[in-house]
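Counting from 4, one number per residue, gives the positions in the sequence shown under the numbering used here.
Here a beta-carbon is modelled for each residue, glycine too, at the ideal position from N, C-alpha and C.
All remarks here apply to the structure that follows.
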Amino acid sequence: MTNMNEIDDAPIPLCVDLDGTLVRTDMLLETFLLLAKTSPLSLASLPGWLMKGKASLKHRIAERVTIDAASLPYRTDVLVLIETARAAQRPIILATASCAGVANGITDHLGLFDEVLCSDEGTNLSSHAKASMLVERFGERGFDYIGNDKADLPVFARARRAFLVSSQDGLRQAARDRNHDIDFIEDPSGGFRVWWRALRIQQWLKNLLVFVPLLAAHQVTNPQLLFWAILAFISFSLCASSVYLLNDLLDLPADRKHHRKKNRPFAAGTLSVKSGIAAIPLLLGSSLILALQLPPRFLVVLGVYYFLTAAYSFLLKKQVIVDVMILASLYSIRVIAGAAATDIKPSFWLLAFSMFIFLSLALVKRYSELRDTAFSVKLLPGRGYRPEDLPVVLALGSSSGMISVLILAMYTQAEIVPVMYPSHEWLWFAPSLMLYWTARLWMKTVRGEVDEDPVLFAARDWQSIVVVALMGCTFFMAISGPSLW
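Structural data, given as structure tokens:
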């Protein structure tokens, strides 16, 4: 935190950069992502716009999207500096490389700036161009400047006093070399824990479903098949993390309005949008390299998974009922991916059970989201559901769960069961356990005791863990235990 006690020279204007300084994000990338989601066909025009220069690109994109200035992640330390300067009756100037459409929306929302200097269609107001304009307006050493990037170094060199928003030692030294009267504002972004949250490593629990065909076929002791399943798990997890990043980047406006999702790394600005965009192809490439070591069918299934998730992120997320069917399919595809990787044909019973139990879980997720916002909004942000849909979602979700229990009960009487399970009488405990768990999950969901991800809830809930353990014991006893009669 910088020392703000000496910002008291009334005649000296305080000039503030926007991207990465006033806000913890890059407005060009924000508008690009918004364009990609709201008007994906417009992306075909990007090369033509870029050929006319970066300033023209910014202008063309901003013409087609509207930024919600109220939800942006503003940097508190910079706002405090601005308020202190305003109290000293100093002019406050927003000096940004963003175009007028973006800059004016932010200044109108904050009401803190006396003037806006920004890029126009012919000039990108950055680096030396920004330094020259500020010197032309206020004179050499006639202004203070707050920036955050190496592009701001030429401006620091010509400012009276500089403020650098960065924790990078190299950039700090370069800024100090250009202006000895400089203060530093910490930027604690990035880091292992932040990336862990962004990649949602905890969500990799869902990818354990790739081992289900191996377990169902009683082949878990086969070292070759087990190795393939492990490769499939890692490949699928990397692919899924790339999807999570893409989804979060495309959902920034909606996430920032959500009471919990606003704290996600990209929404909160603790991870840069640029780093997220760069990480997506790295994760996908790593996933592809592993997938190529497995049977070709696995790569096909992985491709279907990615296509569905992309379609969900861009379009299907707002389609009522279709969205939960896609979510349920994405769970089932993990099971199919495990079957493809190990060359084990999944049974009708496994696929039928998966379809209905995962549809129930998807509806739990949607019910929880809708319940959280039912009393504050008329439409779930980024979705197509309304508060009055709660009873329908409850009915569909709970009935899907009961159907999965029925399928499991019917499976215990299938012709193949005595062959695979010598003491198959033990299997009758499985539907009872499943019935208890499903009914309890929905009761807790209605009470608001389940967060928006039922899988993570189950991983933390001791009763769910006990049920899973008992289910495992039931199937083990059916294979290796004594007959009940």
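Residue i versus residue j: straight-line alpha-carbon distance, rounded
i, j, result
"Tyr388", "Thr273", "30 Å"
"Leu208", "Val458", "8 Å"
"Leu2", "Leu31", "This structure does not reach residue 2, given that the chain is present from 4 up to 488, and the question cannot be answered."
"Ser129", "Arg175", "19 Å"
"Leu255", "Phe230", "38 Å"
"Ala201", "Glu418", "46 Å"
"Trp52", "Ala344", "44 Å"
"Val223", "Leu217", "5 Å"
"Pro226", "Ala342", "15 Å"
"Leu36", "Tyr414", "47 Å"
"Pro94", "Gly150", "17 Å"
"Gly484", "Thr41", "58 Å"
"Gln296", "Gly451", "44 Å"
"Ala257", "Leu319", "15 Å"
"Ser244", "Pro43", "22 Å"
"Gly56", "Asp186", "33 Å"
"Tyr247", "Pro14", "49 Å"
"Ile406", "Ala106", "54 Å"
Nearest-angstrom beta carbon gap, residue j and residue i [assumed within contact, 8 Å]
i, j, result
"Leu430", "Ala481", "5 Å"
"Ser169", "Pro191", "Actually they do not touch by this definition, with Cβ atoms about 11 Å apart."
"Ser401", "Trp352", "Not a contact, Cβ separation roughly 22 Å."
Under the three-state DSSP convention, the category residue i falls into
i, result
"Phe146", "coil"
"Glu189", "coil"
"Thr24", "coil"
"Glu452", "coil"
"Arg505", "This structure leaves residue 505 out entirely; the chain is present only between 4 and 488."
"Leu17", "strand"
"Phe359", "helix"
"Tyr77", "strand"
"Arg164", "strand"
"Gly272", "coil"
"Ser483", "helix"
"Asp326", "helix"
"Ala154", "helix"
"Ser59", "helix"
"Ala417", "coil"
"Ser129", "coil"
"Asp375", "helix"
"Trp488", "coil"
Beta-carbon spacing of residue i, residue j below 9 Å
i, j, result
"Thr69", "Gly108", "yes"
"Pro349", "Ile360", "no"
"Arg163", "Asp184", "yes"
"His221", "Met474", "no"
"Arg463", "Asp375", "no"
"Ile3", "Glu118", "Because the chain spans 4 through 488 in this model, residue 3 falls outside it and cannot be assessed."
"Asp71", "Arg259", "yes"
"Leu25", "Leu82", "yes"
"Phe141", "Val19", "no"
"Pro390", "Leu373", "yes"
"Leu241", "Leu287", "yes"
"Thr441", "Ser371", "no"
"Ala98", "Val138", "no"
Legend entry - Minimum length 3: unbroken beta strand (DSSP E) runs contained in the segment 81-125: 95-102 and 118-122
Inset, instruction - Jot down the residue ranges of each uninterrupted alpha helix (DSSP H) in the segment 284-322, minimum 4 residues, whole runs only, in chain order. - result: 299-317
Inset, instruction - For the segment 167-252, list the beta strand (DSSP E) runs that are entirely contained and at least 3 residues long, ordered along the chain. - result: 185-188
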